[in-house]
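Numbering (the working numbering), first residue to last: 1139 to 1510. Glycine included, C-beta positions come from ideal geometry on N, C-alpha and C. These numbers come from a predicted model, not from an experiment.
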């Protein structure tokens, strides 16, 4: 598992593959938009339930010890590399194994799609969760990046066409994704048909929106515009739009399933779902969230859940890994701090449609990481 996390101090050691900046807390005003901002770590498990993480950087172990080499594996570049997309923070959103003729290894390699933010402050637009309107927020300018690895622990950034090394830039002034382009998730839908779903805050609509970009090879991307933004009905779980998502193909019926952060009017996040036949248009939204913040008093995920990562299992079952944070001052919902743990929820037994019924938490599955 690759996840994002941040230290509460700047005392942690840096990764050899990430730069010279330790994993520091997100800048003020950022955690309401990018709760997973920090550095990237790797954890391992034999069953997908109990995970082992590391407290520092990966050691670069070889041989038999490599399987247990866990910890921080990609960090921000730091101010020394001021021109790059991820001087301030980064957050992983998708890791897959692809084989591509453009990669000379001859075998499949790990592709990590991540969000990088720089130190250039941007004024927060009206209504942006967790930030005061007009406040200058470092790290808010976010762009999608790509890194590759042969072992999943030692990563090399791949420079995109944008001058920062990003795969592409945020939009021009007035466009729906002008503020940032975050949380890229990629689906290999067919030969020369790679699709990236990412999200932004559309200032003209005052809501989070998910958009689509396409590529024949994973390196050169063309934006296709917004595709989904939840519901605008008052009081629903995604009244403020749809944020970070993951899109997968249902192996049983070949539909495209989108699991997304549903943002309520008060900023509380739950996990919603939508389906599409072609993965481009006609996204049909499930009317209720698949997973809501826990109602248990003092729950670690009582303030919000998000950053969904869905994994199909045998027998039509699904596992849903998710990030969570506690409620503010022990209240109900409205958490705006960084993600505080990773949990696991399971689809209903025998459910033909995983989006038709709520997922159930697997108790004891929370960890100290920040984002799947």
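Buried or exposed, going by whether 16 or more other CB atoms sit within 10 Å of the CB of residue i?
| i | result |
| --- | --- |
| residue 1470 | For residue 1470, the predicted structure reports a pLDDT of 45, less than 50, and the residue's modelled location is therefore unreliable. A value from the coordinates is still provided. Per the 10 Å Cβ criterion, exposed. |
| residue 1310 | exposed |
| residue 1303 | buried |
| residue 1339 | buried |
| residue 1419 | exposed |
| residue 1213 | buried |
| residue 1448 | buried |
| residue 1218 | exposed |
| residue 1439 | buried |
| residue 1351 | buried |
| residue 1392 | exposed |
| residue 1229 | buried |
| residue 1200 | exposed |
| residue 1227 | buried |
| residue 1224 | buried |
| residue 1242 | Note on residue 1242: pLDDT 49, under 50, position unreliable in the model; the coordinate value appears next. Classification for residue 1242: exposed. |
| residue 1233 | buried |
| residue 1465 | buried |
| residue 1291 | buried |
In terms of DSSP beta bridges, what is residue i paired with?
| i | result |
| --- | --- |
| residue 1209 | 1180 |
| residue 1228 | 1176, 1254 |
| residue 1335 | 1323, 1350 |
| residue 1344 | Partner(s): none; residue 1344 has no beta bridge. |
| residue 1195 | 1210 |
| residue 1287 | 1248 |
| residue 1279 | Answer by DSSP bridge pairing: none, since residue 1279 is not bridged. |
| residue 1146 | DSSP, once it has assigned bridges, lists no residue as partnering residue 1146. |
| residue 1380 | 1400 |
| residue 1361 | 1351 |
| residue 1219 | Looking at the DSSP assignment, residue 1219 forms no beta bridge with any residue, so it has no partner. |
May I ask whether a heavy atom of the ligand NAP can be found less than 6 Å away from the beta carbon of residue i?
| i | result |
| --- | --- |
| residue 1280 | As presented, the structure is devoid of all ligands, the ligand NAP included, so that no description of it is given. |
Could you check the C-alpha separation between residue i and residue j for me, to the nearest Å?
| i | j | result |
| --- | --- | --- |
| residue 1211 | residue 1293 | 7 Å |
| residue 1362 | residue 1202 | 45 Å |
| residue 1394 | residue 1388 | 6 Å |
| residue 1328 | residue 1416 | 12 Å |
| residue 1508 | residue 1207 | Only weak support exists for where residue 1508 lies, its pLDDT of 40 falling under 50; the coordinates are left without a value. |
| residue 1431 | residue 1402 | 12 Å |
| residue 1375 | residue 1407 | 8 Å |
| residue 1455 | residue 1397 | 15 Å |
| residue 1236 | residue 1179 | 20 Å |
| residue 1264 | residue 1172 | 17 Å |
| residue 1295 | residue 1372 | 43 Å |
| residue 1194 | residue 1422 | 42 Å |
| residue 1165 | residue 1278 | 9 Å |
| residue 1468 | residue 1437 | Legend: pLDDT at residue 1468 = 45, less than 50; position of this residue unreliable, no value from coordinates given. |
| residue 1486 | residue 1196 | 37 Å |
| residue 1379 | residue 1359 | 24 Å |
| residue 1497 | residue 1444 | 13 Å |
| residue 1386 | residue 1321 | 15 Å |
| residue 1400 | residue 1275 | 23 Å |
| residue 1141 | residue 1231 | 8 Å |
| residue 1491 | residue 1216 | 45 Å |
| residue 1256 | residue 1181 | 26 Å |
| residue 1187 | residue 1427 | 23 Å |
| residue 1317 | residue 1253 | 13 Å |
Since residue i contacts residue j with CB under 8 Å, what's their CB separation in whole angstroms?
| i | j | result |
| --- | --- | --- |
| residue 1409 | residue 1450 | Not quite, the Cβ-Cβ distance comes to about 16 Å (not below 8 Å), so this is no contact. |
| residue 1315 | residue 1326 | That pair is no contact at about 23 Å. |
| residue 1183 | residue 1143 | Wrong, their Cβ atoms sit about 16 Å apart, outside the cutoff. |
| residue 1463 | residue 1483 | Their Cβ separation, rounded to whole angstroms, is 16 Å, which puts residue 1463 and residue 1483 out of contact at 8 Å. |
| residue 1272 | residue 1262 | 7 Å |
- Runs of beta strand (DSSP E) lying entirely within the region 1424-1475, each at least 3 residues, in chain order: 1442-1450, 1456-1463
- Task: Mind listing, in chain order, the continuous alpha helix (DSSP H) runs of no fewer than 4 residues lying wholly within the region 1398-1427?
- Result: none
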